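Peer 1: Going line by line, the protein sequences match chains E and X.
Just so we're on the same page, the numbering used here is the position in the first sequence counted from 1, plus 1123.
Just so we're on the same page, the numbering used here is the position in the second sequence counted from 1, plus 1.
Provided herewith is a single structure, encoded as structure tokens, for subsequent inquiry.
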Amino acid sequence: MSIFEYNGSAVVAMVGKNCFAIASDRRLGVNLQTIATDFQRIYKIHDKLYIGLSGLATDAQTLYQRLVFRHKLYQLREERDMKPETFASLVSALLYEKRFGPYFCQPVIAGLDDDDVPFICTMDCLGAKELAKDFVVSGTASESLYGVCESMYKPNMESEELFETISQALLSSVDRDCLSGWGGHVLLVTPTEVVERTLKGRMD
Amino acid sequence: MECVFGLVGDGFALVAADSSAVNSILVHKSNEDKIMILDSHKLLGASGEAGDRVQFTEYIQKNVHLYEFRNGIPLSTAAAANFTRGELAQALRKSPYSVNILLAGYDKDIGPSLYYIDYIATLHKVDKGAFGYGSFFSLSMMDRHYHSGMSLKEAVDLVDKCIVEIRTRLVVSPPNFVIKIVDKDGAKEYAWRETIKDAEEPTA
């Protein structure tokens, strides 16, 4: 089994009309054994910027701590929050620093920039950025997620429809992956509010 | 075949561990205490390579005491867990410790808590956790019988059920177990569950 499949994970982000949604599964496993069903994979950087970290859980936690540290320093120096594009470049740089001994994580970054235009991107464990206008996926269920998102996604969805779409996409993909699932965690971010919801899916 | 498991009850947290010290096919002793009392209100149950286990847990214990001496107040359970994870994470890509840890503690404002810390420094707060081959049996027993807010008697009954299951179903099951609890009155040894007693040491 590959090191990326040690803990099991599924993360997806989608762009809607002036909003975005980011979702993840809730399973924390050790190979085939499930340890917890309430593991948090999506972390808040600031009110309009979230990062979902799939892959090895220990590296996700270490990487998150380093990113929060860098962002807090940035906030102190610049007296403002980081733009999503800037943050994506920061994550990419941090990952490439460890080119010959990488963090085994694939981040999914989603944010609203200063004009409330949604931004999403993903990258591999070495920091190769992939910008997208519609959706990005990562984790052990990524192949299923690509297929489901491609068929279910429509551009310019309102927030409630976006929530429905991303929830169904996540739940049906993780049902085809034994290493991810046990429910879902969806964050819907609009310029005015952030709605956090927990999904009940197949608990197996 | 080391077994460590623990759970959180009503106003207390409990950790049980086997007590055999083994080297290949030889059993050195059957009354090895693998649950360290970290400070007045914390327990550290550890399983893994013998040298790493003792060295790493003593290192954590001394650092927890140092913090209390320097600052005049004890570390919270969450802080101690994050410190432990940090030490494991730093050592991970240099010379990793092969120690799995269940850290149980009681804080006045939060109550009892249990932290699962993998040998690769995955940290997660849990209600019930287990390591080792015994975890396949004890986690399933706890999934069936555990509910939040268990009384001490119910929790010890559940621990006994898990120990019976491990003794029946694990091929080289450890003969003896130790149970320690931590509640508002502090961390203390609760009971031993022995089937083999070591020979009495000769007195002068």
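Idealized CB from N, CA, C, for every residue including glycine.
Predicted, not measured: the structure shown is a model, and the values here were computed from it.
Can you pull the DSSP bridge partners for HIS1169(E)?
Peer 2: LEU1172(E).
Peer 1: Please list, in chain order, the chain E residues whose beta carbon lies closer than 9 Å to that of LEU124(X).
Peer 2: By Cβ distance, chain E contributes ALA1180, THR1181 and GLN1184.
Peer 1: Is there a C-beta anywhere in chain E that falls below 8 Å from the one on ILE180(X)?
Peer 2: ILE180(X) does not count as touching chain E.
Peer 1: What is the DSSP secondary structure of LYS154(X), reduced to helix, strand or coil?
Peer 2: Correct three-state label for LYS154(X): helix.
Peer 1: Residues of chain X with a CB under 8 Å from the CB of LEU1151(E): which are they?
Peer 2: Going along chain X in sequence order, the residues near LEU1151(E) (Cβ under 8 Å) are THR123 and HIS125.
Peer 1: Whose C-beta lies closer than 6 Å to the C-beta of ILE1145(E) among residues of the same chain, with five residues either side of it excluded?
Peer 2: Excluding sequence neighbours, ILE1145(E) sits near ALA1136, ILE1165, TYR1173, GLY1175, ALA1233 and LEU1310.
Peer 1: Taking Cβ-Cβ distances shorter than 8 Å, what residues in chain E pair up with ALA22(X)?
Peer 2: In chain order: nothing, as chain E lies at least about 24 Å away.
Peer 1: How would you call ILE74(X), buried or exposed, if buried means at least 16 neighbouring beta carbons within 10 angstroms?
Peer 2: With fewer than 16 other Cβ atoms within 10 Å, it is exposed.
Peer 1: So, is the C-beta of ALA90(X) closer than 8 Å to a C-beta in chain E?
Peer 2: Yes, ALA90(X) counts as interfacial toward chain E.
Peer 1: Less than 8 Å between the C-beta atoms of LYS1140(E) and ASN1279(E), yes or no?
Peer 2: In this structure, ASN1279(E) lies closer than 8 Å to LYS1140(E) by Cβ.
Peer 1: Report yes or no: do three or more beta-carbon pairs, one from the region 104-122 of chain X and one from the region 11-18 of chain X, lie closer than 8 Å?
Peer 2: Cβ pair count under 8 Å is three or more, so yes.
Peer 1: So if I threshold CB-CB distances at 7 Å, which residues from the region 1219-1239 of chain E count as touching chain X?
Peer 2: Cβ contacts with chain X: GLY1224.
Peer 1: Do CYS1248(E) and CYS1228(E) have their C-beta atoms closer together than 8 Å?
Peer 2: The answer is yes: Cβ separation under 8 Å.
Peer 1: Report the residues of the region 1152-1165 of chain E with a CB closer than 8 Å to any CB of chain X, ordered along the chain.
Peer 2: Answer set for the region 1152-1165 of chain E: VAL1153, GLN1156, ILE1158, ALA1159 and PHE1162.
Peer 1: Quick one: does ASP53(X) have its CB under 8 Å from some CB of chain E?
Peer 2: Taking Cβ atoms only, chain E never reaches closer than 8 Å to ASP53(X), which makes this a no.
Peer 1: How would you list, in chain order, the residues of chain E whose beta-carbon sits under 8 Å from the beta-carbon of TYR117(X)?
Peer 2: Ordered by position in chain E, the residues that pass the 8 Å Cβ test against TYR117(X) are ILE1158 and ALA1159.
Peer 1: Between the region 94-112 of chain X and chain E, which residues of the former have a C-beta closer than 8 Å to a C-beta of the latter?
Peer 2: Residues ARG94.
Peer 1: How would you label THR179(X), buried or exposed, when you count the other beta carbons within 10 angstroms and need 16 or more for buried?
Peer 2: In the sequence on display, residue 179(X) carries Val and not Thr. Buried: at least 16 other Cβ atoms inside 10 Å.
Peer 1: Taking ALA22(X) as part of the beta strand (DSSP E), name the residues at either end of that continuous run.
Peer 2: Segment 22-24, the beta strand (DSSP E) holding ALA22(X).
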